[in-house]
Every structure is written in C-alpha cells, then in structure tokens.
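Take a look at the structure below.
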Amino acid sequence: MSTTAATPGPQASEQEKASGSGFFHKLYTSQFAIDFVGRRRLWYAISIALILISLLAVAVRGLNLGIEFTGGSVFTVPVSQVGDDTVSQVRSTVIDSGVPDVSGAQVTTVGDNSIRVQTRSLSTEEVVQLRQALAGQEEGVTSDDVTYQLIGPSWGSQITVKAIQALVVFLVLVGVMIWIFFRNWRMSVSALLALAHDLIVTVGLYALIGFTFTPATLIGLLTILGYSLYDTVVVFDKVREKTVNITKQNRTFSDAANTAINDVLVRSINTTLLGVLPVLALLIAGVVFMGGDGPLADLGLALLLGMVAGAYSSLFIATPLFSQLRERQPDMVKHRANLAKRARRAKARVQIATTEVDETADPATVITGPVPVTSEEGPDRPLGSKNSAGRAQPARTTRAQRKK
C-alpha cells in the first residue's frame with residue numbers, strides 16, 4: 001500500500017490566519033519587526049539614487065512649465081452649458097484652427113458657462129485666427145465674445161520668488177520648533193534633510209514624466225511638507241519615549257529607535273492611506289472630469305507623489321539618520337562599550353560554569369557507548385568451581401563414572 005505526502009491547501013492558510021501567524025496580523029500587532037536602522041545604508045543608497053535621477057532629469061529634460069511661468073495667451077469662451085465632451089470638443093477646435101504649435105494647449109472649465117484655453121504666446125494674426133475658430137464652437141457667439149488676455153513670464157517669476165521665500169521661512173521655523181520641542185538639534189537636521197529629499201524627488205518625477213509645472217503644483221509642493229513633517233514628528237516622539245534613560249537599558253540607542261519605528265509603522269501606514277484616498281479622488285476628478293488640465297489635477301498629483309515620498313522618508317531616512325548621529329555622541333559610545341563588556345562577562349560566566357560541570361562529573365558514570373538491553377532474568381552464566389562466596393561446589397559426574 002502506497003502513501004502520499006500531504007500538501008498544504010486552503011485549510012492550512014485558514015489555520016495560519018486563525019492562529020495569528022499571517023503577515024498582516026503580525027504587522028498590525030507589531031510582531032513583525034523590520035530592521036530600519038540596521039539596514040540604513042540600503043535606504044541611503046536608494047534615496048541617493050532617487051535624488052541623483054531627479055537632479056539629472058531636471059538638468060537634462062527640464063520642467064514643463066505652464067504659461068504662468070513662461071508667458072502665454074489665455075482665451076475665455078462662453079458656452080450655453082458645459083457638458084461631458086465640451087472640453088474635448090474645444091481642444092479639437094484649437095488644434096484644427098490652423099494656428100501652429102497649439103497642440104499642447106490647456107483647456108479647462110470655468111464654472112458652468114465658460115471654457116478657458118491657455119496657449120503659448122501668439123502673434124496678433126494668430127490671436128484673431130484662434131478667436132474666430134473658438135467663436136464658431138458655440139452658436140450665437142462672435143469673436144468679440146471670446147475674451148483674450150496676455151500673461152507675461154514676470155508673473156510666474158514673482159510667484160516663484162514668493163514660493164522660495166516661503167519655503168526658506170518654513171524650513172527655518174521647522175528647524176527651530178523641532179529643536180525647541182525635542183531639545184536636540186540632530187532631530188532638526190534629520191527632519192530638514194528628509195523634507196529636502198521629498199521636494200527633490202517630487203520635482204524630479206515631474207521633470208522625468210513631463211507633467212506640467214503650474215502654480216497649483218507649487219502650492220502642492222509646499223503642502224506636502226506638512227504631511228511629511230507630521231509623520232517625522234510622530235516617529236521622533238516615539239523614539240524619545242523609547243530612549244528615556246537609555247544608558248540604564250540593556251540595548252543600544254539604535255535598537256530602541258528601531259523598536260520605536262516598528263511601533264508606529266502601522267499608524268504611519270494608516271495615516272498615509274487615509275490621506276492618499278481623498279487626494280487620489282481629487283486627482284481622478286481633475287483627470288476624468290477636467291481632461292487632466294487645471295489646478296485639480298496639478299494639485300492632486302503633487303500631493304500624491306509628495307505624500308508617498310514623505311511617508312518613506314520619515315521611516316527610512318529621518319529616524320535612521322538621527323540614530324546614526326546620536327550614536328556618535330560620547331555617552332552613546334560609552335554605553336555601547338559597557339553593553340559589549342557585559343556581554344563578554346556573561347559569555348565568560350557561561351563558559352566557566354560549563355567547565356566546572358565537566359570537571360566534577362564522575363568518569364565511571366559517563367556512558368561512552370550504547371547500553372545493551374537485557375531481559376529481566378539475564379543471560380545464562382557458565383558454572384564455575386566456586387560460587388560467589390568462594391565455597392567449593394560439588395563436581396557433577398555421570399552415572400557410568402560413579403559405578404567405577
């Protein structure tokens with residue numbers, strides 16, 4: 001009769017889930033520990049690679065700046081009612097107008113009765129030609145009803161300068177506030193480097209993919225700093241809680257910091273997911289209902305990319321970097337030396353105890369080979385001339401010998 005080995009099926013996975021040994025169960029109950037701090041060089045390498053790719057993309061491809069930064073022409077077309085296909089129809093009208101280099105025009109809705117068209121800077125003849133084409137889009141609308149506005153690049157430059165000023169002020173205030181709250185300038189440095197990582201990676205993705213960079217994108221970049229900073233402060237607060245009286249604990253600062261990250265890992269994931277869901281809805285609304293052109297899509301995309309990058313940097317960059325800086329301080333160096341000394345003493349005590357047990361053991365009681373298994377009565381022994389007491393035993397003779 002042949003037998004077959006049992007293979008795990010659906011019941012095994014159900015039993016695994018029931019027993020609480022699944023990955024997500026361990027993750028949400030803080031039983032699954034990731035070595036964030038110990039593997040920091042890997043995270044650093046990934047972040048450096050992302051930053052280099054982002055900088056290279058900005059230098060080679062450049063940003064696809066909107067007309068607010070480069071200057072351009074803006075047309076507003078009145079319509080009776082904005083429908084689902086109004087934006088696509090107006091975009092087709094712009095492309096078929098005969099004006100060159102307007103295929104990248106941005107068409108967005110303004111309320112329920114207007115359409116806005118943004119193009120490159122046009123000459124006077126091109127403006128007249130495009131206004132006539134847009135007027136023919138709606139019955140009863142003349143070219144005079146189509147308003148025209150010229151936007152110069154100076155307006156975009158002013159926005160850029162103001163945004164940079166706001167960014168500098170924000171970073172300075174963040175550094176000061178973290179230093180005051182945690183009383184540790186190393187946390188401020190780590191948080192600022194994480195924020196810089198988020199900005200560079202987000203801008204690099206815009207340059208790499210070719211998304212339009214508009215004032216709404218700039219607003220989104222400034223907004224994601226708050227999300228990233230929130231995650232970082234939450235992790236830092238847990239690190240401070242776990243490292244109170246660290247010199248009296250039987251673990252290093254890095255070990256305590258790594259435990260803190262794993263404790264808030266689920267909270268960080270949930271916070272990011274809950275923040276991404278409305279942003280994703282905002283992005284879908286801008287792409288589906290507004291054709292991908294307009295502030296909704298620009299703002300939603302910047303927030304989505306920045307929030308993901310911020311969640312990554314708060315866990316994989318900020319805290320490991322802070323732990324590395326903290327471990328270099330003299331008190332932490334001394335603490336690690338004391339822990340190593342305790343470990344050596346404990347190992348030596350175990351070796352001494354093992355040696356003493358070996359020396360005091362009775363060699364006669366040491367079994368060096370297999371013990372034969374005997375029956376209860378034991379094997380037959382040959383009869384000798386003397387018994388165990390030393391007395392002589394009578395000799396056995398046959399009947400023939402006795403007759404002689």
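For the sequence shown, position 279 matches number 279 in UniProt numbering, and the numbering has no gaps at all.
Each residue gets a CB set at the ideal place from its N, CA and C atoms; glycine is no exception.
Note that the coordinates shown come from a computational prediction; the quantities given were computed from them, not determined experimentally.
For residue i, the three-state DSSP class (helix, strand or coil)
i                : result
proline 78       : strand
alanine 297      : helix
serine 97        : coil
glutamine 329    : coil
phenylalanine 36 : coil
threonine 319    : helix
glycine 72       : strand
threonine 214    : coil
residue 444      : For the chain, the structure presents residues 1 to 404; residue 444 sits outside this window and is missing.
glycine 140      : coil
serine 88        : helix
serine 103       : coil
glycine 275      : helix
glycine 286      : helix
threonine 83     : For the sequence presented, residue 83 should be read as glycine rather than threonine. Glycine 83: coil per DSSP, three-state reduction.
methionine 1     : Low confidence applies here, because methionine 1 scores a pLDDT of 42, under 50, leaving its location unreliable; read the following figure in that light. Coil at methionine 1, not helix or strand.
glycine 310      : helix
Boundaries of the beta strand (DSSP E) in which residue i is found, first to last residue
i             : result
arginine 116  : 114–119
threonine 109 : 106–109
Local Cβ density within 10 Å of residue i, reported as buried at 16 or more and exposed below that
i              : result
glycine 286    : buried
glutamine 149  : exposed
valine 127     : buried
leucine 195    : buried
lysine 242     : buried
threonine 354  : exposed
valine 60      : exposed
glycine 9      : Note on glycine 9: pLDDT 48, under 50, position unreliable in the model; the coordinate value appears next. It is exposed - the Cβ of glycine 9 has fewer than 16 other Cβ atoms within 10 Å.
aspartate 85   : exposed
isoleucine 178 : buried
methionine 147 : The sequence as given places threonine at residue 147; methionine does not occur at that position. Label assigned to threonine 147: exposed.
threonine 247  : exposed
residue 461    : In the structure displayed, the chain extends from 1 to 404; residue 461 sits before or after that span and is not available.
alanine 302    : buried
lysine 238     : buried
glycine 98     : exposed
proline 320    : buried
isoleucine 115 : buried
arginine 267   : exposed
aspartate 255  : buried
isoleucine 46  : exposed
isoleucine 48  : exposed
threonine 142  : exposed
isoleucine 261 : buried
valine 161     : exposed
alanine 183    : A quick correction: the sequence has arginine, not alanine, at residue 183. Counting Cβ neighbours within 10 Å, arginine 183 comes out exposed, since fewer than 16 surround it.
glutamate 139  : exposed
Residue(s) in a DSSP beta bridge with residue i
i             : result
glutamine 158 : DSSP, once it has assigned bridges, lists no residue as partnering glutamine 158.
Start-to-end residues for the alpha helix (DSSP H) that takes in residue i
i              : result
residue 409    : The displayed coordinates of the chain run from 1 to 404. Any statement about residue 409 would go beyond what the structure contains.
valine 58      : 40–60
isoleucine 151 : Element bounds for isoleucine 151: not the alpha helix (DSSP H) but the beta strand (DSSP E), 147–151.
Residue-chain proximity (residue i, chain C), Cβ-Cβ < 7 Å
i           : result
leucine 150 : The structure shown contains no chain C; it holds only a single protein chain.
Quiz item: Which full runs of the alpha helix (DSSP H) of 4+ residues lie inside the stretch 218–271, going along the chain?
Solution: 253–263
Quiz item: In chain order, which alpha helix (DSSP H) runs of at least 4 residues are fully inside the stretch 171–210?
Solution: 185–209
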